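*Asks:* Next up is a structure, given as structure tokens.
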Amino acid sequence: MTIPVPADFIAKLKAVLGPGGWSDDPDKLAVKLTESRDRWTGTTPLLTLPRTTAEVSAIVGLCAESGVAITPQGGNTGLVGGQIPQGEILLSLERMNAIRDLDTADDVIVAEAGVTLAAVREAAANAGRLFPLGLASEGSATIGGNISTNAGGTQVLRYGNMREQVLGLEAVLPNGEIWNGLKRLRKDNTGYDLKQLLIGAEGTLGVITAASLKLRPLLPSRAVAFVGLKTPADAVSLLMRARDETGGALEAFELISRAGMGLVIKHIPDQREPLADEHPWYVLIETASGEPGSAEAAMERLLAHAFEDGLIQDAAIAQTDAQARAFWALRENQSGAQKREATAWKHDVSVPVSRIAGFIEESTAAIARRWPEVRVVAFGHVGDGNVHYDVLPAPGGDPAVHAARRDEAATLVHDLVVSLGGSIRAEHGLGMMKTAEALHYKSPVEVEAQRAIRRALDPKRIMNPRVLF
Ligand SMILES: Cc1cc2nc3c(=O)[nH]c(=O)nc-3n(C[C@H](O)[C@H](O)[C@H](O)COP(=O)(O)OP(=O)(O)OC[C@H]3O[C@@H](n4cnc5c(N)ncnc54)[C@H](O)[C@@H]3O)c2cc1C
235 MTIPVPADFI
245 AKLKAVLGPG
255 GWSDDPDKLA
265 VKLTESRDRW
275 TGTTPLLTLP
285 RTTAEVSAIV
295 GLCAESGVAI
305 TPQGGNTGLV
315 GGQIPQGEIL
325 LSLERMNAIR
335 DLDTADDVIV
345 AEAGVTLAAV
355 REAAANAGRL
365 FPLGLASEGS
375 ATIGGNISTN
385 AGGTQVLRYG
395 NMREQVLGLE
405 AVLPNGEIWN
415 GLKRLRKDNT
425 GYDLKQLLIG
435 AEGTLGVITA
445 ASLKLRPLLP
455 SRAVAFVGLK
465 TPADAVSLLM
475 RARDETGGAL
485 EAFELISRAG
495 MGLVIKHIPD
505 QREPLADEHP
515 WYVLIETASG
525 EPGSAEAAME
535 RLLAHAFEDG
545 LIQDAAIAQT
555 DAQARAFWAL
565 RENQSGAQKR
575 EATAWKHDVS
585 VPVSRIAGFI
595 EESTAAIARR
605 WPEVRVVAFG
615 HVGDGNVHYD
625 VLPAPGGDPA
635 VHAARRDEAA
645 TLVHDLVVSL
655 GGSIRAEHGL
665 GMMKTAEALH
675 YKSPVEVEAQ
685 RAIRRALDPK
695 RIMNPRVLF
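Taking my numbering, the leading residue of the sequence shown gets 235, the next gets one more, and so forth.
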């Protein structure tokens, strides 16, 4: 519930922040009150633009005193509406964009919350290190947003989600107090780990202002391959082999359907079929290693054995960086191509890896029984058990009719996911979009424990009040 803003509150806030610390420029506001899927439009009594942690603390402190609600926003690339205020004060981290430190002895980078993921990856690469979170949205998505959504991406298989990259946090808690937890330790067993609560909290337990993040070695030996195969079950078998046979070099393993490939070729300029013939399913595999030539050799061995055994139908290994980028573009354009075709029912789900093939088969059969005309376009991070299970209307189908069936389809898909031991949200969080639905599937014990934590830290529920439980 959004708490009303007292009459003199906005004037007080403006005075504390000074010129430049807030904006009511309609053009600037328009960009921050809409999002990429055009699903949510927001309103706010004031856009605040703090430059320092002390200013964030002043904003949150004033809001806490008056019981005024706040929505934090980073790069506004979130896909579930959590960053779009519905009457709350909008707190943008865009001006907190300094890299405070990079230390290769500690293998750490300390970045403010508003630094983009791309800028962190570039700074790491310039220092001869890897920051291993990679997202198609990394040019705009920020470190604060990545942490608050516990973002995943294409290298989770090897390095884990954002949670695994965070060594320490600095945050402003819902009462306005600054918590300096910017440690750079790999070991710290001193009670509850507050940073773990803030990671994935979607802005409900405070405002993250900076983070210390792990750096990894750059791995110069790298191979990228595109593989054609018959079924998702074959893709999972190939994944098992890749894990066993590449000596720890497996870095990404992404599934793409023929339907999804066709849409990319149709809608995205300059995209070409990766293999001579069409195949029902594809995987994109990347291996990486520190030893020159070894990732390439591991890939060649893996694919040669799989081909001999009839597990795969065809494969191409990228011979140049440009070809590797072209292979990745086919994967990264899956969502964009779909959007140009029609509006899909989208399900960002995860199941145990061993159940991926069964999930895709069963849900596709169930959808076809109920709505024989629709088109399933499944793709995703098979190595993490994460499938983007999207469903488009028939070509020329009525978008309004399709939209009206979205909730029924979600129930069908999510009931199956939960029965297989999976989660109805793998990557994108709950936000405004999925909070109510998640309540239906979460255990009441877990929901009450989460509510108790939130009440303890934010008794007036001022932080992102519409999001989570
Ligand atoms: C093309 C595209 C591809 C994507 N691919 C992926 C993908 O592969 N994997 C994936 O996980 N996601 C993906 N996303 C989703 C999105 O990019 C991520 O959720 C990202 O982490 C959001 O970062 P952001 O800075 O844009 O956060 P925002 O969208 O601004 O905010 C997201 C949430 O975090 C909160 N928040 C933001 N900053 C802070 C802060 N400093 N303190 C407290 N709370 C804060 C907001 O209130 C909101 O609830 C993709 C999105 C797009 C558009």
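The beta carbon of each residue, even a glycine, is placed where N, CA and C say it ideally should be.
Here the structure is a predicted model, which means the values were calculated and not measured.
Mind checking who Q557 pairs with in its DSSP beta bridge?
*Replies:* Beta-bridge pairing links Q557 to no other residue.
*Asks:* Is Q430 helix, strand or coil by DSSP?
*Replies:* Q430: helix per DSSP, three-state reduction.
*Asks:* Can you list, in chain order, the residues of its chain whose CB lies under 7 Å from that of G295, leaving out five sequence neighbours each side?
*Replies:* G410.
*Asks:* Taking G373 as the reference, give the member of S446, R392, E289, G348 with the closest Cα.
*Replies:* Answer by Cα proximity: G348.
*Asks:* Report the residue from V390, L325, H674, R477 whose alpha carbon sits nearest the alpha carbon of D618.
*Replies:* Closest option to D618, Cα to Cα, is V390.
*Asks:* So, does the region 624-634 touch the region 577-592, judging by three or more C-beta pairs under 8 Å?
*Replies:* Yes, the region 624-634 is in contact with the region 577-592.
*Asks:* Classify M235 as buried or exposed, calling it buried when 16 or more other Cβ atoms lie within 10 Å of its own Cβ.
*Replies:* With a pLDDT of only 49 at M235, under 50, the local geometry of the prediction cannot be trusted, and no value is derived from it.
*Asks:* Ends of the beta strand (DSSP E) at F243?
*Replies:* Run containing F243: none in the beta strand (DSSP E); it sits in the alpha helix (DSSP H), 243-251.
*Asks:* Can you tell which of Y516, A405, L432, H674 has its C-alpha closest to the C-alpha of T443?
*Replies:* For the residues Y516, A405, L432, H674, the minimum Cα distance to T443 belongs to A405.
*Asks:* Would you say E479 touches ligand 1, meaning its beta carbon is less than 7 Å from a heavy atom?
*Replies:* No, Cβ of E479 sits at least 7 Å from all heavy atoms of ligand 1.
*Asks:* Would T282 and L247 qualify as a contact pair, given that the criterion is a beta-carbon distance under 8 Å?
*Replies:* Yes, the pair counts as a contact, with Cβ atoms nearer than the cut-off.
*Asks:* May I ask whether a heavy atom of ligand 1 can be found less than 7 Å away from the beta carbon of P678?
*Replies:* No - ligand 1 has no heavy atom lying nearer than 7 Å to the Cβ of P678.
*Asks:* Say the cut is 7 Å; is the CB of P699 nearer than that to a heavy atom of ligand 1?
*Replies:* It does not: the Cβ of P699 is nowhere closer than 7 Å to a heavy atom of ligand 1.
*Asks:* Runs of 3 residues minimum, wholly inside the region 467-529: which ones carry the beta strand (DSSP E) assignment?
*Replies:* With a minimum length of 3 residues, the continuous beta strand (DSSP E) runs that stay inside the region 467-529 are 484-491, 515-523.
*Asks:* What do you reckon, are the CB atoms on I227 and L447 nearer than 8 Å?
*Replies:* Residue 227 lies beyond the residue range present for the chain, which begins at 235 and ends at 703; the question has no answer from this structure.
*Asks:* Have a look at the DSSP bridge pairing and note the partners of R609.
*Replies:* Per DSSP, L626.
*Asks:* Verify whether the separation of the beta carbon atoms of A292 and V250 is less than 8 Å.
*Replies:* Yes, they are a contact pair.
*Asks:* Can you tell me the Cα-Cα spacing of D422 and D341, whole angstroms?
*Replies:* Going from the Cα of D422 to the Cα of D341 covers about 16 Å.
*Asks:* Should P366 be listed as close to ligand 3, given that the test is whether its C-beta is under 7 Å from any heavy atom?
*Replies:* As presented, the structure is devoid of ligand 3, carrying ligand 1 as its sole ligands.
*Asks:* Let me know the beta strand (DSSP E) ranges lying completely inside the region 280-319, each 3 residues or longer, listed in chain order.
*Replies:* Listed in chain order, the complete beta strand (DSSP E) runs (minimum 3 residues) inside the region 280-319 are 304-307.
*Asks:* Exposed or buried, G312, counting other C-beta atoms within 10 Å across all chains shown (16 or more means buried)?
*Replies:* The residue is buried, with at least 16 neighbouring Cβ atoms inside 10 Å.
*Asks:* Take F243 and list the residues in its own chain whose beta-carbon comes closer than 7 Å to its own, dropping the five residues that flank it on each side.
*Replies:* Same-chain partners within the cutoff: S300, V302.
*Asks:* Which residues in the same chain have their Cβ closer than 8 Å to the Cβ of S257, if we skip the five residues on either side of it in sequence?
*Replies:* Excluding sequence neighbours, S257 sits near L263, L281, L283.
*Asks:* Using CA atoms only, rank isn't needed, just tell me which of E596, G378, I323, N414 is closest to A288.
*Replies:* Of the listed residues, the one whose Cα sits closest to A288 is N414.
*Asks:* Whole angstroms are fine: how far does the CA of A563 sit from the CA of P401?
*Replies:* Rather than Pro, the amino acid found at residue 401 in this sequence is Leu. Near 31 Å, if we compare the C-alpha coordinates of A563 and L401.
*Asks:* Mind checking which residues open and close the beta strand (DSSP E) that includes N384?
*Replies:* Where N384 is concerned, there is no enclosing beta strand (DSSP E), given that its DSSP letter is neither H nor E.
*Asks:* Just to confirm before moving on: does the CB-CB distance between I502 and A571 stay below 8 Å?
*Replies:* Yes. Within cutoff.
*Asks:* Any idea if D543 is buried or exposed, counting beta-carbon neighbours within 10 angstroms, 16 or more meaning buried?
*Replies:* Label assigned to D543: exposed.
*Asks:* Does M396 pass the burial test, meaning 16 or more other C-beta atoms within 10 Å, or should it be called exposed?
*Replies:* Answer is buried; the Cβ neighbour count reaches 16.
*Asks:* Check whether the region 426-441 touches the region 450-464, taking contact to mean three or more Cβ pairs, one atom from each stretch, closer than 8 Å.
*Replies:* The region 426-441, when compared against the region 450-464, does not touch it at the 8 Å Cβ threshold.
*Asks:* Since I318 contacts C297 with CB under 8 Å, what's their CB separation in whole angstroms?
*Replies:* Rounded, the Cβ-Cβ distance is 18 Å, inconsistent with contact.
*Asks:* Where G255 and M330 are concerned, what is the direct C-alpha to C-alpha distance, given to the nearest angstrom?
*Replies:* Approximately 11 Å, taken between the alpha carbons.
*Asks:* Taking all protein chains shown into account, decide if T480 is buried (16 or more other Cβ within 10 angstroms of its Cβ) or exposed.
*Replies:* The residue in question, T480, is buried, as its Cβ has 16 or more Cβ neighbours within 10 Å.
*Asks:* Which residue wins for smallest C-alpha separation from R574, given the options S528, A245, R271, Q399?
*Replies:* Taking only the C-alpha atoms, the option nearest R574 is R271.
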